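Chemist: What follows is a single structure, and I will ask about it in a moment.
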Amino acid sequence: MPKRWIPPIITLVLLALAGCAGPAEVYRDANMDFGALHTVAIMPLANLTRETSAAERVRDVFTTKLLATGALYVIPPGEVARGISRVGISNPVAPSTEELTKVAGVIKADAVITGTVKEYGEVRSGSSAANSISLSFQLLETQTGKVVWSASTTMGGIGITDRLFGGGGEPMNDITERAVNDAIKKLFQ
Amino acid sequence: MFKGAALRLANACLVCLFWCLLQPQRASADLLNGYLEWDYSHLQSQTRDATGTSGAQKGDGLTQKYSLMLNKSFLPLLSLRAGYLWESDRNWLTANGSEARSSITTSLPSVDLLMGSPMLNASLGYSKRKESDSTAGTSLPDRYNEEYHASLGWRPEGLPAVSLLLTRINTFDGLRQLEDSSNDRATLGITYNVKNLDLKYLFNYNDQKDRLLGLDVSQLSHTGTASYSGQFFDERVSLYSTYNVSEQGTATSSSGRGMVDQQLLPFSGLAALTGPGQQYVVPETATLGSYPLLVDGNLDKSAGIDLGPQPGPQAKRNFGFDFQNPQTTVNRVLLWVATSNGQRLPDAIARQYTWTVYQSQDNLAWAPVSTVTGLTLDPFQNRFEIKFAPVATRYLKVVAAPLDPAQVPPGIIGFPPSFNLFVTEIQAFDEVPAASVQKNSNVLSQMLNTDVKVRLTDSPALYYDGSFFLTSSLPNGFTKWTVSNALMAEHRFNDWLSGSARGAREDSEEPKGHRGAFVYSALLRMTPLPTLSDTITYSGRRESFQGKTSGADALFISNTAELYQGVNLNASGGLSLSSTDSGARIRAYNALFGVNLKPRGDLSLNANYSWNSSLATGAGISDTSISTQREDIGLTYRPFTTLYLTSSFSLLQQSGQAGTTFQNYGINWSPFPDGTLQFNFAYSENLASLNQQKSKMLTPGLTWKITPRTTLDASYQRLNTSSSSGTESSQTISAVLRSSF
Amino acid sequence: MPSRNSFSSLVALLLVLLVAGCAPLRRAAWTGDEAGNAEGGVAILPLQNLSGGTAPVTELRQELARRLALRGMKILPEAQLEQFMARHRLRYVGGIDAATAQALRRETGARGVLITEVELYRTPFPPRVALTSRLVTTEETPRIVHMESVALSGNDAPGLLGVGLVRRPQEVTDRAIQLLAEALTGEKPQPIPRVSLGSDSVYLARPLEPGRSYRVAVLPFFDKGNHGYAGEILALHFIGELVRQGRFQVIEPGTVREDLLRYRIIMEDGVSLADAELLFGMLSTDLILTGEVNDFEDLQGAQAAPKVDFSALLLERSSRRAVWSMGDHRTGMDRVRFFDIGRIVTASALAAGMVHQAVEESLGR
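Protein chains in written order, with the numbering used here: chain A, 1 to 189; chain B, 190 to 930; chain C, 931 to 1295.
Dropping the structure here:
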């Protein structure tokens, strides 16, 4: 192969690889002192999937895993529910700044996490099927309601490994755990 | 030159036409459809024999196929179906420095006019196939196959159904120098069904004219069949009876040079496997079982017997006929085949097969008649023609073994070295010179078959099974009848033990005398646990014929056990003793032990051991003893859905011969199973200690579904074989583009 | 050589023994009413059915009572218990509150109550049954002194040629009751299947004080799956494990239920700190355990693997915070590599293994 072909080929490969890269999936407020956060509350998550229990399942796993890190104390869901009820938040999955401040005061949380379950369950491509999950979380500072951290993660689905070797048989619970761990990793990175 | 330019222009026009037709927006709905196929292959092979002599071969092949089919309905009950197929097959071959090129061009226009409804219908049709061959620039005479046909069908409700088929086929070359024959056929069938009675009448006229030989054979036949089946007395008695009478007249006019073909209609088709690890070790002592698919008249449908190349030791395939008449004269067998890839079997591969014909009067002891090799398929039909000196026999069989992959010659363009070759039909003929037969002959044959089954008692279940079979052929024929009276019993002793027994007396009258036989069998089935079952079978036959007696007894024990979930065992064994009226005694033993382990869903391990031994004595021949042992271990592992790994090891030991080992390793990977671009990778390696044979095959392939109706297949194959007699290596690249509309 | 008489006697003796051996096995004659003086005995409450299907609870109770009596346990006659239950309009049999326990002791003399739950009862092959029993004292404050679970399936041990497969539900039930009785009488404690939890499944804020005894109230878990009773079943497994650990005084669930009802405490989405505060005071507990069950499935079929997914939270009175939590999901085939070695056949056994592993490694002594 003539040598003059090599630079254009490398350029094309790099461009192709750049095209494959997805958008940045994490936002961190550079001015926020995350070390000052000790107690967080996880609000009920928004569920955009057809699986009615998806949001509750993900919230349960997220609560357990975040607590298990030992870095943050997660207020028990029952206490969060009491706070929501006490303040009278009509839509707990998307609280207003005012509601946020109030509920944080009631349950004594330094920050509140909201999130969305965008995809949860089986996806199909041809005759292949695989479980998939797509989540996004936001950490809201309770005084101002400002988003200080945001991350999204997607796990499972029919990837290149599945296409090359088959698969897609990973249970939904495992995928949920991996996605939640990925989100937590992005929080502490 | 002008002709070549015209051909190229026509070709270009055809491509343009297809290109236009393949555009989806221009396709004219369901009236017109068709396809095109371009198939290109390139092959390169090198050979080197033990003396160091080497050879090289290089070739390219290009096949183009264009087909158009028009379906047009003029009226609700009148439609036209017209089609045209044009095919060009060109090959360029360079072997050891010398070049050769060849081409075959086929054109096949056809038209059919269809009228009527399912109740009353008729059709008229015409097709003409033209094949033009050219080798090294020299054109051979064109070959033509012209067919006219007409049919009429009438199925009135509650009345007999009538069908009529008229056909004329002309086969000739352009100059009418090599072949010029015609075949006229008329078939009239009437069927009528009344309750349990089926009545059929078939009239058949067949006139074969060979103008070059000056031979004219016309046959006229009438066949009537009546069948009855019914049950009486609270379904305790069931009766089935069928009567068939056929009269066939043949008129022959000949200048004395031709041969008259008389097809023999066998009573049944037969088949069995012989070889190491099989119930019968050698063809000489194998008893063939009934195999109707071989003689069902369907020349295209596989009968399930595969002669394609397979690695490792393979059992020989035995297939043949039972003519009933012990004096049936046979001198020709037509063996119809079909390949799994739909292509015609290349001559170079066809020549590798060895065909051995055996005859027998008792289906126990077989004597070889003839062995032929180097046969190729008939130029027009997918059939081998096996000719041998006429024999008078009741049973006749052909024995052949699947090819070893190393036997498949490399360098065949466009034909994969791995394929299945299915036997579809076998036909037997008695071919006699036209001059030696009567100018006019008339044969009347009759067949009556009646079966009665009576349930005598319910517990234990006792049955009477009687049958009467009569067949006769006149004149110069024979009359034969067989009466069988049997008592059968079945009983379940308890939850885990059951048994059955049958005893029968069979008497038959044949031209050579009376044949009487006692036939008996017993079976004991035990299932002490749902996971454990044992079966003991005993069967025997004592026969007397022409003052001589013969007999056979066999005892077989079979056990299966699911020792644990995923651990299966089977063990079986038996012995058989038989004696022929010629005084020969054959003793055979066999044992089989197998283990199947499936410790997890993706892993499977098989191990089998088999032992066979047979000893033939008496009948004035020297004692023959053959013993074989075979051990097989196989492992399959599927770590991923798309990845498959296999490995097997076999050891074959035969008395008086050195043991032979066979090893096989394979990997198959098919990623992207659902995409429009599919990839497949396969690698296999076979090792055999005999002649230090070793073969490696690498086959990556690609399938691209460009559109739902357009597919491109590309594959590469590399095959290296080596043995003490030399080495061969070949590489093949092939690409096939198919598109339909 | 034996004499003719002695020989015939020997034959006769053998025949008698043979006939005796062929006679159907007769169960030892026992009825609850024949137990005589039940002073200081144990009242066996009717079984609570948490299986989600039908179960022969009456027959199971009778058989359990029979087996326990055969092992020397003094049983309160059934009729006497029925009279007591009618008198006090006692319908809930999944626990006992302090007032009822005292009344039972006062009126019948029973010193203990055996409360049994049917967690699983399936008759199609392979038949399956899972039972949990706890022995509760009838003291002023009822105390759980012993708790055992047994879960059996007809294909627990197929054995060679499948001779170990049990196809009749009655055999599995009898065996389960026998094992439960043996375990409750201290003869043979039931083994707990080994389960490997995920590495980050358990969180412990700080170790519990060594040597200290903690009072724990276990609230029913929230069942977010389809089972219907999985919350109660998981709570029972936690109670059993905590009792087994010895350092926890687990409050009888009947008492907890009574207080929840009395103070109209309804927890729609988990226990709040305010509810916890109230419960800490009412029940005088140091810890409150609660949780959620996402999956608790026993699929039908010989090859089907059970599935369990839950999370749990332990709230501490002194800090008003969660000091321990866990969450994991497992299937009965997780530890299987070859054949069925390591397979767990019922969700009850799987849950018991998960709970044991989680509690043992972080809250044990």
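Each residue gets a CB set at the ideal place from its N, CA and C atoms; glycine is no exception.
From a predicted model like this one, the values you see are computed outputs, not experimental measurements.
1. Indicate whether at least one CB of chain B lies closer than 7 Å to the CB of C/Leu-1229.
2. Give the single residue among B/Arg-927, B/Ser-913, B/Thr-921 and B/Ser-919 whose Cα lies nearest to the Cα of B/Thr-172.
3. Alpha carbon to alpha carbon, how far is B/Leu-651 from B/Leu-676?
4. Output yes if chain B places a C-beta closer than 7 Å to the C-beta of C/Gly-983; else output no.
5. Hey, how far is the Cα of B/Pro-649 from the Cα of B/Phe-682?
6. Leaving out five residues before and five after B/Leu-483 in sequence, what residues of the same chain have Cβ atoms less than 6 Å from its Cβ?
7. Under the three-state reduction of DSSP, which class applies to C/Met-1015: helix, strand or coil?
8. Once you ignore the five residues that flank B/Thr-294 on each side, which residues in its own chain have a CB closer than 6 Å to its CB?
9. Between the alpha carbons of B/Leu-210 and B/Phe-930, how many angstroms are there, rounded?
10. List the residues of chain B whose Cβ lies closer than 9 Å to the Cβ of C/Gly-1262, in chain order.
11. What is the C-beta distance between B/Thr-360 and B/Asn-395, in whole angstroms, given that I count them as a contact (C-beta under 8 Å)?
12. In the structure shown, what three-state DSSP assignment does C/Gly-983 receive?
13. Which of the three DSSP states is assigned to C/Pro-1088 in this structure?
14. Can you tell me which of A/Val-106, A/Asn-181, A/Met-155 and A/Lys-108 puts its alpha carbon nearest to the alpha carbon of A/Ala-130?
15. How many angstroms separate the CA atom of A/Ser-128 from the CA atom of B/Ser-859?
16. Which chain C residues are close to A/Arg-57, counting only those with a beta carbon under 7 Å from its beta carbon?
17. Taking all protein chains shown into account, do 16 or more other C-beta atoms lie within 10 angstroms of the C-beta of C/Val-1093, making it buried, or fewer, making it exposed?
18. Tell me which residues of the region 771-799 of chain B have at least one Cβ-Cβ distance to chain C shorter than 7 Å, keeping chain order.
19. Answer with yes or no whether the minimum CB distance from B/Thr-720 to chain C is below 7 Å.
20. Would you verify that the beta carbon of B/Leu-752 is, or is not, closer than 7 Å to some beta carbon of chain C?
21. When the cut-off is 7 Å and only beta carbons count, does B/Pro-860 lie next to chain A?
22. Alpha carbon to alpha carbon, how far is B/Arg-344 from B/Asn-631?
23. DSSP has B/Trp-281 in a bridge; who is on the other side?
24. Counting only Cβ pairs nearer than 7 Å, list the residues of chain B close to C/Val-1102.
25. Hey, does C/Gly-1272 have any beta-carbon neighbour from chain B nearer than 7 Å?
26. I'd like to check one pair, C/Gly-1158 with C/Gly-982: are the Cβ atoms closer than 7 Å?
27. At what residues does the alpha helix (DSSP H) containing C/Phe-1168 begin and finish?
28. Tell me the DSSP secondary structure of B/Gly-413 in three-state form.
29. From the DSSP output, read off the bridge partner residues of B/Trp-800.
30. Using the rule of at least 16 other Cβ atoms within 10 Å of the residue's Cβ for burial, across every protein chain shown, is C/Glu-1101 buried or exposed?
31. For B/Met-677, report the span of its beta strand (DSSP E) as first-last.
32. Three or more C-beta pairs under 8 Å: does that hold for the region 728-737 of chain B against the region 705-719 of chain B?
33. Is C/Gly-1161 near the ligand MN, with its Cβ less than 6 Å from a heavy atom?
34. With a Cβ-Cβ cutoff of 7 Å, do C/Leu-1038 and C/Gln-1010 count as a contact?
35. In whole angstroms, what is the alpha-carbon distance linking C/Val-941 and C/Pro-1236?
36. Does any residue of chain C bring its CB to less than 7 Å from the CB of A/Gly-78?
Modeler: A quick look at the data gives this:
1. Between C/Leu-1229 and chain B, the shortest Cβ-Cβ separation is not below 7 Å.
2. As shown, chain B starts at 190 and ends at 930. That puts residue 172 of chain B outside it, with no answer to give.
3. Here the alpha carbons of B/Leu-676 and B/Leu-651 stand approximately 7 Å from one another.
4. So no, C/Gly-983 is outside the interface.
5. It is roughly 9 Å from the alpha-carbon of B/Pro-649 to the alpha-carbon of B/Phe-682.
6. Short of 6 Å from the beta carbon of B/Leu-483, and not among the five residues preceding or following it, lie these beta carbons of its own chain, in chain order: Gly-458, Ala-492, Phe-508 and Ile-615.
7. Looking at C/Met-1015 - three-state DSSP - the assignment turns out to be helix.
8. The beta carbon of B/Thr-294 sits closer than 6 Å to the beta carbons of Ser-277 and Ser-321 from its chain, once the five residues preceding and following it are set aside; these are given in chain order.
9. In this predicted model, B/Leu-210 has a pLDDT of only 46, less than 50, meaning its place in the structure is not dependable enough to derive any value.
10. Within 9 Å Cβ-Cβ: nothing; C/Gly-1262 doesn't reach chain B, min ~15 Å.
11. Between B/Thr-360 and B/Asn-395 a beta carbon distance of about 15 Å is seen, past the 8 Å cut, so the two are scored as non-contacting.
12. For C/Gly-983, the three-state secondary structure derived from DSSP is coil.
13. Reduced to three states, the DSSP call for C/Pro-1088 is coil.
14. Ranking A/Val-106, A/Asn-181, A/Met-155 and A/Lys-108 by Cα distance to A/Ala-130 puts A/Met-155 first.
15. Distance between the alpha carbons of A/Ser-128 and B/Ser-859: 13 Å.
16. Going along chain C in sequence order, the residues near A/Arg-57 (Cβ under 7 Å) are Asn-1224.
17. Under this definition C/Val-1093 is an exposed residue.
18. Those would be Pro-788 and Arg-789, in chain order.
19. Chain C contact via Cβ: present.
20. Yes, B/Leu-752 counts as interfacial toward chain C.
21. Using a CB distance cut-off of 7 Å, B/Pro-860 counts as an interface residue toward chain A.
22. Whole-angstrom Cα-Cα distance: 32 Å.
23. Answer by DSSP bridge pairing, in chain order: B/Asp-249 and B/Arg-290.
24. Correct list: empty, because the minimum Cβ distance to chain B is about 17 Å.
25. Judged by the 7 Å Cβ criterion, C/Gly-1272 is not in contact with chain B.
26. Against a cut-off of 7 Å, the Cβ pair of C/Gly-1158 and C/Gly-982 comes out as a contact.
27. Counting along the chain, C/Phe-1168 sits inside the alpha helix (DSSP H) bounded by residues 1160-1175.
28. In the three-state reduction of the DSSP assignment, B/Gly-413 falls in the strand class.
29. Answer by DSSP bridge pairing, in chain order: B/Ala-780 and B/Gln-818.
30. Exposed.
31. According to the DSSP assignment, B/Met-677 belongs to the beta strand (DSSP E) that extends over 668-681.
32. Taking a contact to require three or more Cβ pairs closer than 8 Å, the region 728-737 of chain B and the region 705-719 of chain B qualify as touching.
33. No copy of the ligand MN appears in this structure; indeed no ligand is present at all.
34. Residue 1038 of chain C is actually Thr in this sequence, not Leu. For the pair C/Thr-1038 and C/Gln-1010, the CB atoms are nearer than the 7 Å cut-off.
35. Summary for C/Val-941: the model assigns pLDDT 42, below 50, so the residue's position carries little reliability; its value from the coordinates is reported in the next sentence. Distance between the alpha carbons of C/Val-941 and C/Pro-1236 is about 54 Å.
36. Answer yes: the Cβ-Cβ gap between A/Gly-78 and chain C drops below 7 Å somewhere.
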